[in-house]
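Protein chains in written order, with this note's numbering: chain A, 1 to 265; chain B, 1 to 285.
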């Protein structure tokens, strides 16, 4: 059993890591060629992300888009999750369903919906349309983490605060918000990382006016490969691993992903 | 503070902003798309309002039948492979220490969040002639000279399994991690070997979870829009790729919208059908 487990884990790990190892190898090639194992060693392709105007601009637009979209997603999800937790209003679950739907449907559908919508209202290509589109597309993530967060609050705490005379607003500010802060941060982080990597919605909304990093990589793919694409990919993997690692370090990642909170093992 | 129904109109205030945003920017765009699918294509601009069914009639050709059949077949294969690999893996993962679980979850989330562009690029590098795994085989003396393993069906399938595998594990994880450990203990006490207990107790107990996961991964795989394009030949293009192609490169939005509506209907129909079959089997069992 133990041997089987080891072999199974190793094979899955190899499968998941394989392409990334090759890309990491390619990214340190000394010359502009995609060979593996790499010839020579150089980190200059990583420097290129920041020194080359095109790549740097793409990186900054991606970061800005992700930061704004994730913030807007949280701003939509927080009042909704709070209302669903605070009030008994079964019909309001419709909005929860609406919040989850864009994530469950094939992404092309949501993307095309945005494309037709922005084209119809005449805002096609404006950078802010991508922010709203991404916020709606990823609102599921903060909605799910925040719903989990609210569910984890011990209602007797809130009851106690209310008995002592705190009104809704005070309870929200002094009891509820501090308790769900970790869930809020993780919801933001999930939306941020996914927005950073998102291609099709960004492409269909602002593909011809603004280059995010995934769009730039895809455009570069069509005109020939460069090691910079490899270094950008590894940079993104590292960034995602860092963010999720931080969530795991300061929060309970297992509970966020569905395990019972604090079941001992 | 107990949950209570809203009494005053002011109690609804928190719902206002989320409701407006979701309706204006999700319900309206979705409806716009359905409307556009009945519009007429305008060569100069995007489209002209009209009511024609020509966009839908174009499906009734052997070409689209073939694309649809291929898309469904590919998504079913991806779902089957992913669940076969992920189910034992996730079970073993939930039997590991919290620390090991957390590390794996970070890895899985990192891979899951990867852009399809990056996954496509990574696998096209791995399968390429200059930087591919065949170089390792040549170095090991198993092969005469390196060769490209793409474009081809195998490359598309591998790339899509790679994309969907972390998703599959994360969908299975909550059900498996909450599984009552006494189930396994009882089976073991009664003398079942671990594999026997796994196949005769764990798998049947989670039959519904497995079916639900298959459906979710299937829909997820249907949505893959770039990998068939990067790793495959035109005959490996799926409905999602064609939608993107029509909307962006052929600028035929009404036709793309019609295909998208069709894709939604197909996904919903298959999900409903599977649920129906599952429910009936459940009732007779």
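Each residue gets a CB set at the ideal place from its N, CA and C atoms; glycine is no exception.
Taking residue i as part of the alpha helix (DSSP H), name the residues at either end of that continuous run.
| i | result |
| --- | --- |
| residue 164 (chain A) | Unbroken run through residue 164 (chain A): none, as it is neither H nor E. |
| residue 5 (chain A) | 2-27 |
| residue 224 (chain B) | Looking at the DSSP string, residue 224 (chain B) is not in any alpha helix (DSSP H), and its letter there is neither H nor E. |
| residue 115 (chain B) | No alpha helix (DSSP H) holds residue 115 (chain B); DSSP gives it neither H nor E. |
| residue 48 (chain A) | 44-51 |
| residue 248 (chain B) | Per DSSP, residue 248 (chain B) belongs to no alpha helix (DSSP H) and is neither H nor E. |
| residue 162 (chain B) | 153-177 |
| residue 113 (chain A) | 107-121 |
| residue 129 (chain B) | Taken as a continuous stretch (DSSP letters only), residue 129 (chain B) belongs to no alpha helix (DSSP H), as it is neither H nor E. |
| residue 203 (chain A) | 200-206 |
| residue 236 (chain B) | Premise fails: residue 236 (chain B) is in no alpha helix (DSSP H) and is neither H nor E. |
| residue 91 (chain A) | Run containing residue 91 (chain A): none; DSSP gives neither H nor E here. |
| residue 189 (chain B) | 181-189 |
| residue 40 (chain A) | First-last for residue 40 (chain A): undefined, no H or E at that position. |
| residue 200 (chain B) | Taken as a continuous stretch (DSSP letters only), residue 200 (chain B) belongs to no alpha helix (DSSP H), as it is neither H nor E. |
| residue 143 (chain B) | Unbroken run through residue 143 (chain B): none, as it is neither H nor E. |
| residue 215 (chain A) | 213-222 |
| residue 249 (chain A) | 227-250 |
| residue 136 (chain A) | 127-137 |
| residue 76 (chain B) | 62-94 |
| residue 34 (chain B) | 28-36 |
| residue 21 (chain B) | 13-22 |
| residue 55 (chain B) | 54-57 |
| residue 254 (chain A) | 253-256 |
Taking residue i and residue j to be in contact with their CB atoms under 8 Å, please state how far apart those CB atoms are, rounded to whole angstroms.
| i | j | result |
| --- | --- | --- |
| residue 133 (chain A) | residue 226 (chain A) | Not really, about 29 Å apart at Cβ, beyond 8 Å. |
| residue 254 (chain A) | residue 98 (chain B) | 7 Å |
| residue 22 (chain B) | residue 112 (chain A) | Wrong, their Cβ atoms sit about 18 Å apart, outside the cutoff. |
| residue 130 (chain A) | residue 64 (chain A) | In fact, because the Cβ distance is near 10 Å, the residues do not count as touching under 8 Å. |
| residue 127 (chain B) | residue 150 (chain B) | 4 Å |
| residue 262 (chain B) | residue 59 (chain B) | 6 Å |
Compare the C-beta of residue i against all C-beta atoms of chain D and say whether one is closer than 9 Å.
| i | result |
| --- | --- |
| residue 135 (chain B) | Absent from the structure: chain D. Protein chains present are A and B. |
Counting only the same chain and skipping the five closest in sequence on each side, list residues whose C-beta sits under 7 Å from that of residue i.
| i | result |
| --- | --- |
| residue 241 (chain B) | 225, 228, 229 |
| residue 61 (chain A) | 210, 211, 212 |
| residue 86 (chain A) | none |
| residue 89 (chain B) | 169 |
| residue 258 (chain A) | none |
| residue 161 (chain B) | 78, 81, 82 |
| residue 117 (chain B) | 226 |
| residue 36 (chain B) | 47, 253, 254, 257 |
| residue 186 (chain A) | 145, 247, 251, 256 |
| residue 96 (chain B) | none |
Which residues in the same chain as residue i place their Cβ atom closer than 6 Å to its Cβ, once the five residues preceding and following it in sequence are excluded?
| i | result |
| --- | --- |
| residue 13 (chain B) | none |
| residue 217 (chain B) | 79, 82, 164, 168 |
| residue 110 (chain A) | 102, 137 |
| residue 91 (chain A) | none |
| residue 9 (chain A) | none |
| residue 47 (chain A) | none |
| residue 179 (chain A) | 153 |
Using the beta-carbon count (16 or more within 10 Å), is residue i buried or exposed?
| i | result |
| --- | --- |
| residue 200 (chain A) | buried |
| residue 4 (chain A) | exposed |
| residue 235 (chain B) | exposed |
| residue 247 (chain B) | buried |
| residue 82 (chain A) | buried |
| residue 117 (chain A) | buried |
| residue 287 (chain B) | Residue 287 (chain B) lies beyond the residue range present for chain B, which begins at 1 and ends at 285; the question has no answer from this structure. |
| residue 73 (chain B) | exposed |
| residue 88 (chain A) | exposed |
| residue 128 (chain A) | exposed |
| residue 269 (chain B) | exposed |
| residue 171 (chain A) | buried |
| residue 184 (chain B) | buried |
| residue 206 (chain B) | buried |
| residue 154 (chain B) | exposed |
| residue 249 (chain A) | exposed |
Who are the Cβ neighbours of residue i in its own chain at under 8 Å, not counting the five residues just before and after it?
| i | result |
| --- | --- |
| residue 237 (chain A) | 20 |
| residue 109 (chain B) | 166, 170 |
| residue 129 (chain B) | 146, 147, 148 |
| residue 138 (chain B) | 144, 145, 146 |
| residue 49 (chain A) | 55, 56, 59, 228, 231, 232, 235 |
| residue 264 (chain B) | none |
Any heavy atom of the ligand ADP closer than 8 Å to the Cβ of residue i?
| i | result |
| --- | --- |
| residue 87 (chain A) | This structure lacks the ligand ADP, and indeed carries no ligand of any kind. |
**Study point:** Ranges of the alpha helix (DSSP H) found wholly within the region 141-201 of chain A, counting only runs of at least 4
**Key:** Complete alpha helix (DSSP H) runs here, min 4: 155-163, 168-171, 177-197.
Check your understanding: Which ranges would you report for the alpha helix (DSSP H) in the region 50-82 of chain A if only whole runs of at least 4 residues count?
Key -> Runs of the alpha helix (DSSP H) inside the region 50-82 of chain A: none found.
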